[in-house]
Amino acid sequence: MLISHSSLLLFVTGAAVLLVIPGPAVTYVVSRSIGQGRAAGLVSVLGIVAGTLCHVVAAALGISAVLASSALAFQFVKYLGAGYLIYLGIKTLGTGDQRSLEAAGRETRLARIF
8 MLISHSSLLL FVTGAAVLLV IPGPAVTYVV SRSIGQGRAA GLVSVLGIVA GTLCHVVAAA
68 LGISAVLASS ALAFQFVKYL GAGYLIYLGI KTLGTGDQRS LEAAGRETRL ARIF
């Protein structure tokens with residue numbers, strides 16, 4: 008079955024628009040690069056690639072399929088993620104450090120950016 012010209016044109020236009028719009032990863036890398044220099048930008052790219060690699064390995068091993076098919080496993084991962092977000096929120100609120108964002112950005116170590 009062939010795709011009609013109008014459907015193909017609509018698909019190509021939509022795909023081109025999605026390719027041009029930067030996502031959160033690009034925004035993160037650009038902000039780190041502008042704020043802290045090339046090294047911080049490259050380290051943030053390495054961190055994003057490492058996270059993507061974890062997702063690829065999980066998909067290759069079938070872990071993604073298990074999470075998609077098992078409601079219990081999915082609930083476990085969902086609540087684990089929610090707990091981690093709550094932990095990060097409490098940790099952020101509990102710092103009590105009132106430094107400016109600019110000063111805090113300059114002092115971030117590369118290992119923390121990764």
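In case it helps, our numbering puts the sequence shown at residues 8 to 121. Even for Gly, the Cβ is constructed at its ideal location relative to N, Cα and C. What you are looking at is a predicted structure, and each value in this text was computed from that prediction instead of being measured.
Run through DSSP, which three-state label would residue i get?
| i | result |
| --- | --- |
| S77 | coil |
| S2 | Outside the shown range of the chain, which is 8 to 121, sits residue 2, and nothing can be said about it. |
| F18 | helix |
| G101 | coil |
| F121 | coil |
| G44 | coil |
Here's the rule: buried if 16 or more other CB atoms are within 10 angstroms of the residue's CB, otherwise exposed. What is residue i?
| i | result |
| --- | --- |
| G48 | buried |
| R39 | buried |
| S77 | exposed |
| G30 | exposed |
Determine the extent of the alpha helix (DSSP H) in which residue i is found, giving its start and end residues.
| i | result |
| --- | --- |
| T115 | No alpha helix (DSSP H) holds T115; DSSP gives it neither H nor E. |
| I28 | Where I28 is concerned, there is no enclosing alpha helix (DSSP H), given that its DSSP letter is neither H nor E. |
Which residue from the options puts its Cα closest to that of residue i?
| i | options | result |
| --- | --- | --- |
| R119 | Q43, G69, T34, I28 | Q43 |
| F121 | V19, I28, S51 | S51 |
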